[in-house]
Amino acid sequence: MLETKGIAKIYGTGPKATHALEDVSFTVTDGEFVCVVGPSGCGKTTLLKCIAGLMRPTRGEVLLRGKRVVEPPEELALVFQDYSRSLMPWSTVRNNVLLPLRHKRLSTAERKALVAESLGSVGLTRFIDHYPWQLSGGMQQRVAIARALAYQPAILLMDEPFASVDAQTRGDLEDLVLRVREQYGITILFVTHDIDESVYLADRVVVLTHSPTTVKEIVGVSLPRPRDQIATKELADFINLRGHVYRLIRRELTPVTSVDAVPNSGTPV
Amino acid sequence: MSRRVDQAVKLAAEIAVPIAIVAAWQLWAVNRDDPKFPPPSTILAKFQDMWLFSEFGTHVVPSLERIAIGFGIAVLAGIVIGIPLGLSRPARLWTMPHIEYWRAMPPPALLPISIILLHSIGNLQKVSFIAFFCLFPVLLNTIDGVRGIDPTFLETARSYGLGRLERIRRVVLPAAFPQIVAGMRNSLSLAVIMMVLSEYFSSTSGVGYVLLISKNTFDFGPMWAAILLIGVLGYLLNALFSIVERELLAWHRGWRAVSGG
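Protein chains in written order, with the working numbering: chain S, 1 to 269; chain B, 1 to 261.
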């Protein structure tokens, strides 16, 4: 489904150039849930922007269903970390979800149905006529997820989507993502700096090194589904995997030049 | 208690003090009996006599028309030119020196030549004059507003495949709109000034024309009535604009209140 081949991103030139990404290759197969974790400042957001077609990698290429990504592909939707600057504050929830549907070849009834269905699946039907800023952070991110679902992408990219919500909301949102994934049969690439989150959600976890970034290891997660915030996290397998990923990342803990604009939300990494 | 004091102070500031000033002026003017400074009672009588509504159609309507058309053209042009300039650094690089030059030009300096260039002493010249100088606040605020848009908004639109025009319509314009409106507010008060100024020269109608003609014929009553009217016009236009602004930018106040942005 998705393939990144030797992605490198270098800002600037000469001796002062910043190597954000050195050589990142991995694949995501159809229907898979892949998490990408890495130490702070390893260029996770840069990587995601390259995959989303918002940024050209300096070297390497991204293939989506065998086609090279040079601009944002129609089969792909992106959920940003900063929902307050990704949802349009001048539009209601309805119009925010409608935004990417307006230029699709759909009838008015089809658009309406997509909006209703996606908002229903994130439990926000009642808030369709609210403005995003009238909702809590967690609800706003659910609007952003609904917008992505209504767009009917084959693959959903999520850039640390829950980094700015509180821990309890975060657990709820993780379960919501797992649920809509079942419902929509969607492939998900999920970037996070939270190791627990990555192991809890993923089929496979791609662990990155610090910058200049390469893939340190790809960890398979064969925990049973459906997953449960309490039961899954008590499994010995979960604890082992979590420890394993932790150790991989801790070895990366050396001072690095930050090229990633992602704020560190205090999770010990 | 303190709230009642607060309200009393507000009432005094808004109503009592202006009344006191007018009353003092009345007393002073009646005693002085100087034709240059008629008492407010005379001015008000003249005001009612002229503007309500015997000369409203001949002079006020033309003035309002010029403001409306000139301001309208300025807003439209300011947005249409400002958006591409806000989006493109090279375009700004080549045009900003010219914009800065013309915006620094004092309007009276261009008044005589506007009459010659446009071969017009009628509405064409007056509307163009108003539009030209009202352009700059809207233009500069549009450029600034567009430049200041958070890139995440634009990236979101791009990632969802919105085309260039669609992005401008759905994201750029609404995102920059609060600042565009701020520019429009400046332009509107400028429009009143330009209207009066343009009617001083080669004119046969308008409030500014009445003001200058009355002064030239030492007919100070109508002159004062015109001054009063211009003040009231400016005040009312601004108040009207505030109402429209509150309607259009309700989201902005709500959003700023929660995001602090």
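Just so you know, even glycine gets a beta-carbon here, dropped at the ideal spot from N, CA and C. Note that the coordinates shown come from a computational prediction; the quantities given were computed from them, not determined experimentally.
Per the DSSP calculation, residue i is bridged to which residue(s)?
i: residue 159 of chain S; result: S:191
i: residue 19 of chain S; result: S:10
i: residue 110 of chain S; result: Answer by DSSP bridge pairing: none, since residue 110 of chain S is not bridged.
i: residue 5 of chain S; result: S:61
i: residue 35 of chain S; result: S:190, S:205
i: residue 78 of chain S; result: S:157
i: residue 220 of chain S; result: S:204
Tell me which same chain residues have a C-beta within less than 8 Å of the C-beta of residue i, skipping the five on either side of it?
i: residue 142 of chain S; result: 122, 123, 124, 173, 176
i: residue 196 of chain S; result: 233, 242
i: residue 218 of chain S; result: 26, 204, 205, 206, 207
Within a Cβ cutoff of 7 Å, which residues of the same chain sit near residue i, ignoring the five residues on either side of it in sequence?
i: residue 264 of chain S; result: Summary for residue 264 of chain S: the model assigns pLDDT 45, below 50, so the residue's position carries little reliability, and this model does not support an answer.
i: residue 13 of chain S; result: none
i: residue 111 of chain S; result: 98, 101
i: residue 220 of chain S; result: 204
i: residue 268 of chain S; result: Because residue 268 of chain S sits at a pLDDT of 45, beneath the cut-off of 50, its placement in the model cannot be relied upon, and the point is left open.
i: residue 29 of chain S; result: 1
Tell me whether the beta-carbon of residue i lies closer than 8 Å to the beta-carbon of residue j.
i: residue 195 of chain B; j: residue 208 of chain B; result: yes
i: residue 72 of chain S; j: residue 161 of chain B; result: yes
i: residue 138 of chain B; j: residue 79 of chain B; result: yes
i: residue 150 of chain S; j: residue 101 of chain S; result: yes
i: residue 232 of chain S; j: residue 241 of chain S; result: no
i: residue 86 of chain S; j: residue 156 of chain B; result: yes
i: residue 103 of chain S; j: residue 163 of chain B; result: yes
i: residue 86 of chain B; j: residue 191 of chain B; result: no
i: residue 236 of chain B; j: residue 181 of chain B; result: no
i: residue 50 of chain S; j: residue 211 of chain S; result: no
i: residue 312 of chain S; j: residue 236 of chain S; result: Residue 312 of chain S is absent from the model: chain S starts at 1 and stops at 269.
i: residue 93 of chain S; j: residue 213 of chain S; result: no
i: residue 220 of chain B; j: residue 36 of chain B; result: yes
i: residue 75 of chain S; j: residue 155 of chain S; result: yes
i: residue 298 of chain B; j: residue 2 of chain B; result: Summary: the structure shown does not reach residue 298 of chain B, with chain B confined to residues 1 through 261, and so no result is reported for it.
i: residue 47 of chain S; j: residue 21 of chain S; result: yes
i: residue 202 of chain B; j: residue 121 of chain B; result: yes
i: residue 189 of chain B; j: residue 234 of chain B; result: yes
i: residue 138 of chain S; j: residue 169 of chain S; result: yes
i: residue 245 of chain S; j: residue 199 of chain S; result: yes
i: residue 29 of chain B; j: residue 39 of chain B; result: yes
Reducing DSSP to helix, strand and coil, say where residue i ends up.
i: residue 215 of chain S; result: strand
i: residue 63 of chain S; result: strand
i: residue 215 of chain B; result: helix
i: residue 148 of chain B; result: coil
i: residue 227 of chain S; result: coil
i: residue 25 of chain S; result: strand
i: residue 350 of chain S; result: In the structure displayed, chain S extends from 1 to 269; residue 350 of chain S sits before or after that span and is not available.
i: residue 69 of chain S; result: coil
i: residue 42 of chain S; result: coil
i: residue 176 of chain B; result: helix
i: residue 16 of chain B; result: helix
i: residue 171 of chain S; result: helix
i: residue 185 of chain S; result: coil
i: residue 138 of chain S; result: helix
i: residue 53 of chain S; result: coil
i: residue 206 of chain B; result: coil
i: residue 120 of chain S; result: helix
i: residue 231 of chain B; result: helix
i: residue 254 of chain B; result: helix
i: residue 125 of chain S; result: helix
i: residue 112 of chain B; result: helix
i: residue 90 of chain B; result: helix
i: residue 28 of chain B; result: helix
i: residue 166 of chain B; result: helix
i: residue 87 of chain S; result: coil
i: residue 183 of chain B; result: helix
Once you ignore the five residues that flank residue i on each side, which residues in its own chain have a CB closer than 6 Å to its CB?
i: residue 316 of chain S; result: With chain S represented from 1 up to 269, any question about residue 316 of chain S goes unanswered, as that position is not in the structure.
i: residue 125 of chain B; result: 114, 115, 118
i: residue 148 of chain B; result: none
i: residue 67 of chain B; result: 191, 195
i: residue 148 of chain S; result: 77, 79, 156
I want to check one thing, is the minimum distance from the CB of residue i to the heavy atoms of the ligand MG below 7 Å?
i: residue 87 of chain S; result: With respect to small molecules bound, the structure shown includes none, and the ligand MG cannot be examined in it.
Can you find at least 3 beta carbon pairs, one from the stretch 143 to 153 of chain B and one from the stretch 51 to 58 of chain S, that sit closer than 8 Å? Look at the beta carbons and you see the stretch 143 to 153 of chain B not touching the stretch 51 to 58 of chain S: under three pairs across the two are nearer than 8 Å.
Counting beta carbon pairs with one atom in the stretch 202 to 218 of chain S and one in the stretch 174 to 184 of chain S, are three or more of them shorter than 8 Å? Not touching, per the Cβ criterion.
Is the stretch 65 to 81 of chain B in contact with the stretch 123 to 140 of chain B, if contact means three or more CB pairs nearer than 8 Å? Touching, yes.
Does the stretch 18 to 36 of chain S come into contact with the stretch 181 to 190 of chain S, if we say contact requires no fewer than three beta-carbon pairs (one atom in each stretch) closer than 8 Å? Between the stretch 18 to 36 of chain S and the stretch 181 to 190 of chain S, the count of C-beta pairs closer than 8 Å reaches three or more; the two stretches touch.
For the stretch 97 to 113 of chain B and the stretch 168 to 185 of chain B, state whether three or more C-beta atom pairs, one from each stretch, are separated by less than 8 Å. The way I'd put it, the stretch 97 to 113 of chain B doesn't touch the stretch 168 to 185 of chain B; fewer than three beta-carbon pairs between them come closer than 8 Å.
For the stretch 50 to 60 of chain B and the stretch 214 to 234 of chain B, state whether three or more C-beta atom pairs, one from each stretch, are separated by less than 8 Å. At 8 Å Cβ cutoff, the stretches touch.
With a threshold of 8 Å, are at least 3 pairs of Cβ atoms found where one atom belongs to the stretch 168 to 176 of chain B and the other to the stretch 208 to 217 of chain B? No, the stretch 168 to 176 of chain B does not touch the stretch 208 to 217 of chain B.
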